[in-house]
Every structure is written in C-alpha cells, then in structure tokens.
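One structure is given here, and the rest of the page talks about it.
Now the structure itself:
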C-alpha cells in the first residue's frame, strides 16, 4: 500500500451482530455523537448504505470498499458473533449446487468473517470490544483471536452493584 492510500484511511469500520449487539453499537454511536464525550470517529457505514435486497456479493463489494478507506476496525463481540452465518453464499437466492447463478465466485464466509479477513488484509488497527465485563477470546472469530486489542465494553460497579458501560476502556482501546 502506498503512502497516499494510508493518508486517506481515516474512517472507523464497525462490525458485529447488528441485531444481537445493537445496544453496544448504539452506545458507541452515542459516545461518538455526544458533546460531553471525547470519543470521536467517522463511521464508514454512514458514508454509503447497501440495500437490504442486495445480493451477498454486492454487499461484500460495498464492505470491501468501506474497509479500503478505514484506518480502524472495531468488532463488537457478543454471544452469537462467532456463529453468525449471514452473508454466506449458500444462503443467497442466486446460489445453486455449489455455484452462483450470477457467475460470481462462491464465498461461504459470513459478513463478519469476511470483514475480519479484510481488516487483516488491509492492515487496519484492530479493536475487539466484548459486549460483556470480561474478555472471552473463545467468542471471537478465530482469525482475530490473537490479533489486535481485546477489551470489555462493560464493568461491574461495586458501589452500586450494577454492570455499566465502561467508556474509558472503550475510548482508550479505540484512540490509542
């Protein structure tokens, strides 16, 4: 990759289980958009959107373009992240008998696995945030298990006996 391309990589790429870990993703956006927080990033997904009716190949092409301009890759790990299958070709309406009717190459990686592989390929800063008070690398996709920064998004407050979001840990993981 040339120096010019590196200079243009300024965005942050958020990935995760957008249904199961929506609260964690929403919390990152809240911290990013709020005036009282000092966490600031440009979410690459706000630049372009894929249509829900797009085929998996078109969505993956859009994800690849977004990763190409991203400096930091943030993956939210929840209970089901590792087992997500959405994005695999065999789930596409154009998939028949181990081939694509649109003549695209077959890629049975989920969107999350695809995004993780792209983050490695693009040499992005990798931040793994667990939607939990602990880091459990067994829940992380294998290709990132020993890469990047792994931090919990939550902490236990012994004064109130409640689990709460851990802004400082998340901020330092993303900004360092």
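Residue numbers (the UniProt record's numbering): 1 to 176.
Glycine included, C-beta positions come from ideal geometry on N, C-alpha and C.
Source: prediction; values computed, not measured.
Asked, Found
"Distance between beta carbons of residue 82 and residue 154, contact taken as under 8 Å", "At roughly 19 Å, the Cβ-Cβ gap does not stay under 8 Å, so residue 154 and residue 82 are not in contact."
"Within 8 Å, strictly: CB atoms of residue 116 and residue 141", "yes"
"Between the CA atoms of residue 89 and residue 179 - distance to the nearest angstrom", "Because the chain here runs from 1 to 176, residue 179 falls outside it and cannot be looked at."
"Distance between residue 128 and residue 74 (C-alpha atoms, nearest Å)", "6 Å"
"Alpha carbon of residue 136 to alpha carbon of residue 55, nearest angstrom", "33 Å"
"Residue 43, DSSP secondary structure in three states", "strand"
"Helix, strand or coil at residue 140 [DSSP, three-state]", "coil"
"Between the CA atoms of residue 164 and residue 124 - distance to the nearest angstrom", "29 Å"
"Cβ separation of residue 87 and residue 111, assumed to be a contact under 8 Å, to the nearest whole Å", "3 Å"
"Alpha-carbon spacing of residue 33 relative to residue 161, whole angstroms", "28 Å"
"Through-space distance from residue 98 to residue 31, alpha-carbon basis", "44 Å"
"DSSP-derived helix/strand/coil call for residue 15", "strand"
"Residue burial classification, residue 143 (beta-carbon count within 10 angstroms, cutoff 16)", "exposed"
"Straight-line Cα distance separating residue 45 from residue 17", "14 Å"
"Cβ-based neighbour list, residue 21, same chain, cut-off 6 Å, excluding 5 preceding and 5 following", "76, 78 and 131"
"N- and C-terminal bounds of the beta strand (DSSP E) containing residue 151", "149–152"
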